[in-house]
Amino acid sequence: MKRFLRNCLLILLLLVTCAGGYIVWQGYEKAQEITAEVSLEQAAQRTMAAADYTPPDQIPETLKEATVAIEDRRFYEHQGLDIIGLLRAAASQFLPDMVRSGGSTIGQQTVKNLYGLFEPTLEIKVAEVFLASQLNDLYSKDEILTLYMNIINYGDGHIGITNAARGYFGVEPAGLSQSQCVILAGIPNSPANLQLSNHYEAARNREQLILQAMVREEYISREQADAIWNEPVFLQQS
21 MKRFLRNCLL ILLLLVTCAG GYIVWQGYEK AQEITAEVSL EQAAQRTMAA ADYTPPDQIP
81 ETLKEATVAI EDRRFYEHQG LDIIGLLRAA ASQFLPDMVR SGGSTIGQQT VKNLYGLFEP
141 TLEIKVAEVF LASQLNDLYS KDEILTLYMN IINYGDGHIG ITNAARGYFG VEPAGLSQSQ
201 CVILAGIPNS PANLQLSNHY EAARNREQLI LQAMVREEYI SREQADAIWN EPVFLQQS
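Just so we're aligned: the sequence shown equals residues 21 to 258 in the numbering used here.
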């Protein structure tokens, strides 16, 4: 009986390995197909050449830090795939005390939005990993983060940080306050449910989570977080 069970487990392991290998291969093939007509570099350069593209030196550090803290805390350590983050995201779906999060890195979200890969299939997810790794070979972390913030959805029809800063606050990205930076960093997680026009309180609640994450990652102190929280998001509130 023990030998039978051991053989069954070995067969199951072999089947899982084969299935996993097949999925990875399919994802690789999909990545090749996606970039066949427009290469990843061409897609990125097209975005960078847009009239409303904001370069890295015009994006506040607070916005960069808030985005990394809440979206991809190991962004500067991995090469496009965060295994630990993926496992934590899976656990958050079942453990009520954990803040729910997705497993996609900033690189994966960037290539998803560059190519419009919004179909939630396993094949697409694996393709995103290959493309995110390629993106890390092509650009610096600061360039990837900037690219992400220029194409991500900030709700209320505002695609990219330039449109979000102008649309919500009437300023260019460089003119955003710290509180505005932090609240904006939270919106891409669920634009329809966090956009400021009709979900301001939900966005503020997420802002508090982001400030906690920024303290945890040592971007800011607890005192600085409190000061940002008490800063008005909209100037007319002061």
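Ideal Cβ placement from N, Cα and C applies to all residues, glycine included.
Cβ-based neighbour list, residue i, same chain, cut-off 6 Å, excluding 5 preceding and 5 following
{"i": "Phe95", "result": "Val88, Ile126"}
{"i": "Gly195", "result": "none"}
{"i": "Gln46", "result": "Glu143"}
{"i": "Met169", "result": "Ile181"}
{"i": "Leu137", "result": "Ile144"}
{"i": "Ser217", "result": "Asp176"}
Residue i - DSSP class collapsed to helix/strand/coil
{"i": "Ile179", "result": "strand"}
{"i": "Asn133", "result": "helix"}
{"i": "Asn250", "result": "helix"}
{"i": "Asn218", "result": "coil"}
{"i": "Asp92", "result": "coil"}
{"i": "Val44", "result": "helix"}
{"i": "Tyr188", "result": "helix"}
{"i": "Leu255", "result": "helix"}
Proximity to residue i [Cα-Cα], best of the options
{"i": "Leu134", "options": "Glu227, Asn156, Val58", "result": "Val58"}
{"i": "Arg186", "options": "Pro76, Ala233, Asp72", "result": "Asp72"}
{"i": "Val191", "options": "Gln62, Ile79, Glu85, Trp45", "result": "Ile79"}
{"i": "Gln154", "options": "Gln46, Trp45, Gln52, Gly41", "result": "Gln52"}
{"i": "Pro76", "options": "Tyr239, Lys161, Ile203", "result": "Lys161"}
{"i": "Pro140", "options": "Thr166, Gly175, Ser124, Asp176", "result": "Ser124"}
{"i": "Gly100", "options": "Pro208, Tyr159, Asp246", "result": "Tyr159"}
{"i": "Gln200", "options": "Asn209, Tyr188, Glu243", "result": "Tyr188"}
{"i": "Val253", "options": "Gln198, Ala64, Gln62, Leu83", "result": "Gln198"}
Where the alpha helix (DSSP H) containing residue i begins and where it ends
{"i": "Pro140", "result": "Where Pro140 is concerned, there is no enclosing alpha helix (DSSP H), given that its DSSP letter is neither H nor E."}
{"i": "Gln99", "result": "Here Gln99 belongs to no alpha helix (DSSP H), and DSSP marks it neither H nor E."}
{"i": "Arg66", "result": "60-68"}
{"i": "Tyr168", "result": "161-171"}
{"i": "Val202", "result": "198-206"}
Sequence-distant residues of the same chain with beta carbon closer than 7 Å to residue i, five excluded per side
{"i": "Leu142", "result": "Ile43"}
{"i": "Gly206", "result": "Ile90, Leu214, Ala223, Arg226, Glu227, Ile230"}
Close Cβ partners of residue i (< 8 Å) along its chain, the five nearest in sequence each way excluded
{"i": "Lys50", "result": "Glu143, Ile144, Val146, Ala147"}
Rounded distance between the beta-carbons of residue j and residue i, thought under 8 Å
{"i": "Thr74", "j": "Ile171", "result": "That belief does not hold up - the Cβ atoms of Thr74 and Ile171 are roughly 11 Å apart, past 8 Å."}
{"i": "Met234", "j": "Ala70", "result": "Contact doesn't hold; Cβ gap of about 29 Å is too wide."}
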